[in-house]
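Protein chains in written order, with our numbering: chain A, -10 to 151; chain B, 173 to 553.
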Ligand SMILES: NC(=O)c1ccc[n+]([C@@H]2O[C@H](COP(=O)([O-])OP(=O)(O)OC[C@H]3O[C@@H](n4cnc5c(N)ncnc54)[C@H](O)[C@@H]3O)[C@@H](O)[C@H]2O)c1
Ligand SMILES: [Zn+2]
Ligand SMILES: [Zn+2]
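What follows is the structure in structure tokens.
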């Protein structure tokens, strides 16, 4: 419903892309009837698989191009291989992947230590910026953590005495 | 930069990327942004995010090397690189669904390849780096026009097209009331673009006052802090004659705050694919027969949304990754004519070497941060 009383002249570009035909709009606007022939388009050149690439069981192949940032490795890699046996709709696909991510983070620390590098987790978490811009937040967090730890320790001690 | 685990990132030296496919380009990055989408990765909420990956899907740069099949670019070209990796040949690319290419992401069929977005989106290293491999260089990259400022160019890789498409998918008709959840860069840009489609009222919700103030100035919209409203849905009903908004836009996604149950199940325990608070509010605030446009990103597992209400109200729900390449010609025109001023949204420029602090500032919304640009040491501009 057009509101004719309102003046939008202060808004630069108001209505310049208005188009009554914009509904139904993207993403279905360009849908043709020529897309019922299945997976038989003229595929781009296939990138050579120089690393292990896990692919979804919901497709027959590895896509023509793919990323090579981090092939699966170690224990996390074994979990990822397991996860990729299941369809994308399954929790048995996604949950192991989350577990693998956490294992990977630990493997990362071990790898760091092995190569003689002690990760500066304080710096990696950007706490310097937090200290600079949100000091009260940091102090509150530390205070809460200390209080909780003290409470737990005290409770534990009392229990031990009982 | 590399990812080391939840909320841990650092700078590392990596080998130079190489041409691995005849349609590849190697680009020297001159600007790379941090996006709300990166926060889902940073927080460890996206499955198959591997330690050692480099993030960054919003970048521009200079072409340094080209594969033998690339004919549309030459070495030395300065390019806008859309965040989607698209082949241009599959049935989806042919329909300009560049976010849904079937030849760029082996790991998941739902989404096409995205730079620096975990193995769920193809396992590509991203552009928060000095150099990056850009596949299908004939299809995605667009040469930056001479007159365009690099800060405007980098915002065209994602923020502007995504905000624009959020409004476009709302099918906005002249006079429509548009409610937008989220006053991050995407929500603010969606608010600006809603007017271009002729919206009659544009209302934006967030919990960060500084972002709402920015949105009000930048996009001339009404803004409300949902923390000060008991029930944002009830508020929307009251302000629309009890009917609801014609169009609701979710520009928040998985990191949403505002609902304890959603936060615990979605963000703290990962029992759902992120917290769906904004989407829930969008569905419940929409008028019967109205449209919900979703650009907020969620994980793949599933979310608690009031689908019964969506059915009973006869809503149309649309969503997608932005189809950047499709929208660039029109959006470049809008930047040229001063209709959209993307670089005004950039509040922070930080050397790439300080990436860990940059993520913390953007993620915790410190120092009045709206949008952060990382500048690699090799940028030379
Ligand atoms: N579909 C796409 O192509 C695409 C592209 C880019 C970004 N995105 C997604 O869009 C979303 C927003 O991106 P951004 O860069 O603006 O992120 P951002 O994190 O900077 O902004 C999100 C804003 O939402 C606010 N918020 C939190 N809970 C809310 C609620 N319940 N209601 C209203 N506001 C709430 C936050 O305070 C924040 O200001 C993210 O999910 C991102 O992944 C999608
Ligand atoms: Zn982005
Ligand atoms: Zn394609």
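Using N, Cα and C, we set each Cβ at its ideal position, and we do this for glycine too.
Contact set between the region 89 to 116 of chain A and chain B, restricted to residues whose Cβ is under 9 Å from the partner: 89, 90, 91, 93, 94, 95, 96, 97, 98, 100, 101, 108, 109, 110, 112, 113, 114, 115 and 116
Positions along the region 293 to 325 of chain B whose CB lies within less than 9 Å of some CB in chain A: 293, 294, 295, 296, 297, 298, 305, 307 and 308
Under 7 Å from the C-beta of residue 531 of chain B: neighbouring residues of chain A: Within 7 Å Cβ-Cβ: 115.
Counterpart residues of residue 378 of chain B in DSSP-defined beta bridges: B:397
CA-to-CA distance, residue 50 of chain A to residue 293 of chain B, given in whole angstroms: 16 Å
C-alpha gap between residue 141 of chain A and residue 135 of chain A, whole angstroms: 10 Å
C-beta atoms of residue 429 of chain B and residue 467 of chain B nearer than 8 Å: no
Among B:310, B:225 and B:527, nearest to residue 186 of chain B - alpha-carbon criterion: B:225
DSSP state of residue 265 of chain B mapped onto helix, strand, coil: helix
Where residue 183 of chain A meets chain B, residues with beta-carbon distance less than 7 Å: This structure cannot speak to residue 183 of chain A, because chain A is shown only from -10 to 151.
Closer than 8 Å to chain A by CB, residue 437 of chain B: Not a single C-beta of chain A is nearer than 8 Å to the C-beta of residue 437 of chain B.
Closer than 8 Å to chain B by CB, residue 52 of chain A: Chain B contact via Cβ: present.
Short CB-CB distance (under 8 Å) between residue 75 of chain A and chain B: So, not an interface residue.
Endpoints, alpha helix (DSSP H) assigned at residue 75 of chain A: Here residue 75 of chain A belongs to no alpha helix (DSSP H), and DSSP marks it neither H nor E.
Residue interval of the alpha helix (DSSP H) (run including residue 179 of chain B): DSSP places residue 179 of chain B outside any alpha helix (DSSP H), giving it a letter other than H or E.
According to DSSP, residues forming a beta bridge with residue 427 of chain B: B:447
Integer Cβ distance of residue 544 of chain B from residue 528 of chain B, believed to fall under 8 Å: Not confirmed; about 12 Å, so no contact.
Every unbroken alpha helix (DSSP H) inside the region 244 to 321 of chain B [4 residues or more]: 263 to 266
Min CB distance residue 71 of chain A to chain B below 8 Å: no
Counted within 10 angstroms of its Cβ, other Cβ atoms place residue -10 of chain A as buried (16 or more) or exposed: Caution applies to residue -10 of chain A, whose pLDDT of 41 falls short of 50 and renders its modelled position unreliable; the model cannot decide the point.
Cβ-based contacts, 7 Å cut-off: residues of the region 204 to 222 of chain B near chain A: 216, 219, 220, 221 and 222
Residue closest to residue 83 of chain A, alpha-carbon to alpha-carbon, out of B:471, B:232 and B:535: B:471
Nearest neighbour of residue 57 of chain A, chosen from A:39, A:48, A:66 and A:63 [CA to CA]: A:39
Cβ contact (3+ pairs, closer than 8 Å) linking the region 313 to 322 of chain B and the region 472 to 485 of chain B: no
Proximal residues of chain A, C-beta to C-beta of residue 520 of chain B below 7 Å: Ordered by position in chain A, no residue passes the 7 Å Cβ test against residue 520 of chain B, which lies about 10 Å from the chain.
Residue 207 of chain B: CB within 7 Å of a non-hydrogen atom of ligand 2: yes
Per-residue contacts from residue 401 of chain B into chain A (C-beta, under 9 Å): None at all; the shortest Cβ gap to chain A is about 24 Å.
Ligand 3 heavy atom lying under 7 Å from the CB of residue 268 of chain B: no
CB contact check: residue 80 of chain A to chain B, cutoff 8 Å: yes
Beta-carbon neighbours of residue 87 of chain A, restricted to chain B and to distances below 7 Å: 219 and 442
Classification of residue 355 of chain B by the beta-carbon crowding that lies within 10 angstroms, buried from 16 upward: buried
Spatially closest choice to residue 217 of chain B from B:437, B:512 and B:336, by CA coordinates: B:437
For residue 145 of chain A, the residue or residues it bridges with in DSSP: Residue 145 of chain A is not bridged to any residue.
Span separating the alpha-carbon of residue 280 of chain B from that of residue 220 of chain B: Between the alpha carbons of residue 280 of chain B and residue 220 of chain B lies a gap of roughly 11 Å.
Neighbour flag for residue -8 of chain A against chain B, beta carbons, 8 Å: Low per-residue confidence applies at residue -8 of chain A: pLDDT is 47, beneath 50, and the placement is therefore not dependable enough to give any value.
Continuous beta strand (DSSP E) assignments of at least 3 residues falling wholly in the region 193 to 223 of chain B: 197 to 206
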